[in-house]
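If you're matching positions, the sequence shown starts at 924 in the working numbering and goes up one per residue. Don't be surprised by glycine CBs; every beta carbon is placed ideally from N, CA and C. This report refers to the structure that appears directly beneath it.
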Amino acid sequence: MFNDKIITRSILLASVIALAAIGCQKEKRPVLGDYPKDTNPPGGPLKFYAAYENTNVDSIRANFGTDNNITYVPGISGQAFQGGADGYIVYPSANDFKKSSSFTVSFWMKKNGPNPAGAGTSFAFGLATSKDIWTKMDMFLEFEDAGNPSTADLAAAKFYLRDQWYEYVQANRLPNVLNNQWHHLVFSFDGTTSMLKFYIDAVEFTAVPGKFNNDGGTPDFSQSGGIVVGGAGHYALGKTPDDWMGNFKGDIDQFRLYGEALSASQVTELFNSKK
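Encoded structure:
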């Protein structure tokens, strides 16, 4: 009987040890680096991206905007948003774009001619700021109305960056961007050289010098707030834009903000892939 108890206890102990060994056995782990990677990980170069696939959401941070008189229409890739005379989208922030010293703004646009003479400029976008400055924006792109003059064949436009104006006017107007066809516009700024490059359909537009002379050569976005696509940045501050500041009145697709200066080849890749 005593030997039987010893044998029974030995069997039970062996079973417990075996179960413990099985329970502690490690699962097979993938080889280091052998796992799906996000194409734009947290803190990556793409800071803001709205594809406008029947929604205004920025997919980088699930940042939803507030619509005002917009509809969704066929875009360059999938859907785009179309704004009426008072159409625009307000986002509470541009995520961590404000930390950028180099940057790129990239989007597709389609607009049928300039606004009529006296009807106000067409704001494609505006990055609002809490800084006490009359523009209430750190950065924006606007197209002049027909009286300045601006036409479907030669568009007068101005890109504003931290109180410096890049003026595409008179002999330096932009060819064909308001001809009711899709066009890809990219502004790429390199903080190491203080140079802005502007591309239309992957071709650099060099008529206007790109040197940035303010903020010690690197734009300071630290006070930037919300961003408005299709209108002036005032809307993000709960303000009414100045009388001369009109909304875009056209279609916008694939709106992107990067925290780095894209190269010419990267711009070409975006253009060719309709991104």
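Residue i: first and last residue of the uninterrupted beta strand (DSSP E) it sits in
i       : result
Glu1065 : 1060 to 1066
Glu1090 : 1087 to 1091
Asp1051 : Residue identity differs from the one stated: residue 1051 is Ala in this sequence, not Asp. 1044 to 1052 is the extent of the beta strand (DSSP E) around Ala1051.
Asn979  : From DSSP, Asn979 is part of no beta strand (DSSP E); its letter is neither H nor E.
Asn992  : 989 to 997
Lys867  : No information on residue 867 is available, as it lies outside the stretch 924 to 1198 that the chain covers here.
Lys1083 : Note on identity: in this sequence residue 1083 is Tyr, with Lys being the wrong assignment. It spans 1080 to 1084 - the beta strand (DSSP E) in which Tyr1083 sits, taken as one unbroken run.
Thr1074 : Where Thr1074 is concerned, there is no enclosing beta strand (DSSP E), given that its DSSP letter is neither H nor E.
Residue i, DSSP secondary structure in three states
i       : result
Asn1018 : helix
Leu1101 : coil
Ala1125 : coil
Ala1003 : strand
Gly1140 : helix
Gly1169 : strand
Asn1038 : coil
Ala1159 : helix
Endpoints, the alpha helix (DSSP H) within which residue i is located
i       : result
Asn1195 : 1187 to 1195
Pick from the options that is closest to residue i, judged by C-alpha positions
i       : options                            : result
Phe1063 : Lys1081, Ser1053, Pro1072          : Lys1081
Leu1108 : Ser1147, Ala1040, Asn1195          : Asn1195
Val1151 : Asn977, Asn991, Gly1007, Val1013   : Val1013
Asp1124 : Gly1114, Gly1133, Gly1139, Pro1098 : Pro1098
Asp1176 : Ala1079, Asp1143, Ala1047, Ser1186 : Ala1047
Asp1132 : Trp1167, Pro1015, Lys1120, Leu1050 : The displayed chain sequence assigns Pro, not Asp, to residue 1132. Nearest of Trp1167, Pro1015, Lys1120, Leu1050 to Pro1132, Cα basis: Lys1120.
Ala1017 : Phe1144, Trp1088, Leu1185          : Phe1144
Phe1171 : Tyr1122, Ala973, Met1032, Gly1114  : Met1032
Phe1030 : Asp1166, Ala973, Ala1155, Lys1162  : Ala973
Ser1186 : Val1126, Gly1140, Asp1009, Phe987  : Val1126
Pro1142 : Thr1074, Met1060, Gln1104, Ser1000 : Met1060
Spatial neighbours of residue i in its chain, beta-carbon cut-off 7 Å, leaving aside the 5 residues before and after
i       : result
Lys1054 : Gln1146
Lys1134 : Ser1117, Met1118
Own chain residues within Cβ distance below 6 Å of residue i, not counting five before or after
i       : result
Asn1038 : Ser1045, Asp1068, Gly1169
Asp1086 : Asn1137
Proximal residues to residue i (C-beta, below 8 Å), its chain only, five neighbours per side dropped
i       : result
Gly1220 : This structure cannot settle anything about residue 1220, because the visible part of the chain is limited to 924 through 1198.
Count the C-beta pairs between the segment 1088 to 1095 and the segment 1016 to 1036 that are closer than 8 Å, then say yes if the count reaches three, no if not. no
With three or more beta-carbon pairs closer than 8 Å as the criterion, would you say the segment 1039 to 1057 touches the segment 1182 to 1190? no
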